[in-house]
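Going left to right, the sequence shown walks through residues 7 to 535 as this note's numbering numbers them. Glycine is no exception: its CB is placed at the ideal position from the N, C-alpha and C atoms. Below is one structure, written out as structure tokens; comments come after it.
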Amino acid sequence: MALCPFAHADNVVVGNGTPASCTEAALNAAMFQLVVGVQGPGGVLTFSCGAAPHTIALTSTKFLEGQCTIDGGGLITLNGQGITRPLYISVTNPEDQTAVELRNITLANGRGDFGGAVYLGENASLSVLRTTIRNSSAEFTGGGIAAAGNSLLNVANSTFYDNLAVSGGAIVSYAVANITDSSFEFNTANDSTGATSAEGGAIASFLGNLTVNRSYFGSNLADFGGAVYKENAELNLLGSRFFDNSASSGGAVYLESLSSPGEIENSRFEENTATFFGGAISAINGMDVYGSLFQENQAEFGGAISLYPQLDSEIANSAFIANHAGFSGGAIDAAGSGSGPVPPRLDLFQVTTNGNNADVAGGDLSLLGGFPLRVSLAYSTLMNASSASGSTLNIGDGSSVEVFASMIWASNGAACTVETGGQLLTFDYNLAPASCGFGAAHDLFVSGFSQLGLAPLADNGGRFPTFLPQANSPATDRVSACVFKGGDARSRPRPIDMDGNGSADCDTGAVERQLIELVDDRIFADDFE
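Have a look at this one:
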């Protein structure tokens, strides 16, 4: 074990410049000499193994305690050979500080019970920077890294590839974890015995808050949460992309928090799949989504999202395009908690949909009968959905949908279906077919898509495609004397006085037509350049 009582520590180098000098024995000797900090920054362990990439085969786990840095210089791989975990980080004396940084190194083929490549013990912290962890496995949790309770894990600019565990194929965390600018691909959570559910193909997080920023998750697999599984505490997903992840429920993300809704912002969910609930996301209790795109996801219930909240939830300035449900909720399948005197609320604000489909009910939105949920749909554009019942909206017994300043059009059949005991209410200024039954003073029945005066779905600026009202559309300046904070779904100003009558009137729908329409470059607008 590398440890030392000094705050200002000595550095150490593995090797003398040749590949032959960089062996496991040399690494062991260097770690023994490494002076780590107890109450301050420790030493740095580096490698001098020549100019070419070099692999050090390990036969035993290396133990770290105190404060130090291991820097592979972008050339070194520590290979566990499928028989050992490369690193174990712990705290023996509670008064000391253990803070390890791994940077510019690869950990490969590790194997352990908890943490195939790294085990991070209680009260210790680990920073992983510009590091690759691949082909590692854990018998139980954390194929790449297992972080115990009261630890702190920070990961940045790193790659997790083809790791395996029962839960947390790449990472399992029982404390605070922060992930930034990192990539997770082909990680798997799986119990080969079938005795327990496998959670979080890439990340399984319990107890502590999980924040993921500007990261990519592709082709990860689990039973619950193909990419991310979050139970309890807070989940924050910011500016991240989820592509081709798979699970039984929560193709990309499974969220079950009893204390606070998860928050997802400026993210993209594309071609994720769930066998049962939530092709992209399955959320129990509550969830807030802002500025995000859901495209071509599929599941049996909730092609993009299945949402069963006890807490109020909101989806705003987001788009759902070509998602599919084998049964209900092509875009969103939702139901209330079924308990409490006041049903939970779901607010849909400045939402754009196009071409979502459910085989049985609710091409865009289906609300399960008997589990009351209050839904507010405002300033939204719901287009071209299809289903056998309620091509756009299917409202079950006990639930209600209040619609304000929105446009609805279905590609086939009745756009709106309300089951006995359900309610569909207009709060005026809507454009919708007769099946929705809106009859307020400024509502308008439409019998064809062309009556809406919308240009085809296109890049009109912002983070995702939208429907832009043409200058002569009945949607423009329809909402009289509107008071509006913030812009439209593209973050463009709202209201705009299109007819020049001096009145600040808003357009119906998710997009406010500007006097001069300029299309920005989405290479920079969607954060995925």
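Residue environment for Gly-376: exposed (fewer than 16 other C-beta atoms within 10 angstroms of its C-beta). Three or more Cβ pairs closer than 8 angstroms define a contact, and the region 379–386 meets that threshold against the region 345–362. In summary, Leu-437 is buried, with 16 or more beta-carbon neighbours lying within 10 Å of its beta-carbon over all protein chains present.
Taking C-alpha positions only, Leu-261 is separated from Ile-321 by approximately 15 angstroms.
Boundaries of the beta strand (DSSP E) harbouring Ala-130: 130–135, taken from the DSSP string. Nearest to Ser-456 by C-alpha distance, out of Phe-444, Asp-449, Gly-443, Phe-473, is Phe-473. Excluding its 5 nearest sequence neighbours in each direction, Ser-246 has C-beta neighbours in its own chain below 6 angstroms: Val-218, Ser-221, Ser-273, listed in chain order.
The Cβ atoms of Val-366 and Ser-397 do not sit closer than 9 angstroms to each other.
Per DSSP, the continuous alpha helix (DSSP H) segment holding Gln-39 begins and ends at 30–39. The beta-carbon distance between Ala-340 and Leu-379, rounded to whole angstroms, is 6 angstroms. This is short enough to meet the 8 angstroms contact definition. If you draw a 10 Å sphere on the C-beta of Ser-143, you find 16 or more other C-beta atoms in it, and that means buried. The continuous stretches of beta strand (DSSP E) do not include Ser-456, and DSSP gives it neither H nor E. The C-beta distance from Ala-114 to Arg-140 rounds to 5 angstroms, short enough to fall under 8 angstroms. Thr-202 counts as exposed, since fewer than 16 other C-beta atoms from the protein chains shown sit within 10 angstroms of its C-beta. Residue pairing of Asn-219 in beta bridges, as defined by DSSP: Thr-186, Leu-244. The alpha-carbon of Ile-327 is positioned some 6 angstroms away from that of Gly-361. With respect to Ser-211, Ala-176 sits apart: the two C-beta atoms are not nearer than 9 angstroms. Residue Val-407 holds the alpha-carbon nearest to the alpha-carbon of Leu-373 among Asn-363, Asn-390, Val-407, Asp-353. The straight-line gap separating the alpha-carbon atoms of Gly-445 and Ala-325 is approximately 27 angstroms.
As DSSP reads the structure, Arg-496 sits in no beta bridge.
Ranked by how close their Cα comes to the Cα of Glu-523, the residues Pro-59, Gln-304, Val-295, Ile-502 have Ile-502 in first place. Look at Pro-25 here: in three-state DSSP terms it is helix.
Residue burial is scored here from C-beta neighbours: Lys-68 has at least 16 other C-beta atoms within 10 angstroms and is therefore classed as buried. For Ala-228, the secondary structure class from DSSP, reduced to helix, strand or coil, is coil. Leu-431 is classed as exposed because its beta carbon has fewer than 16 other beta carbons within 10 Å across all chains shown. In the three-state scheme derived from DSSP, where H, G and I count as helix and E and B as strand, Ser-392 is classed as strand.
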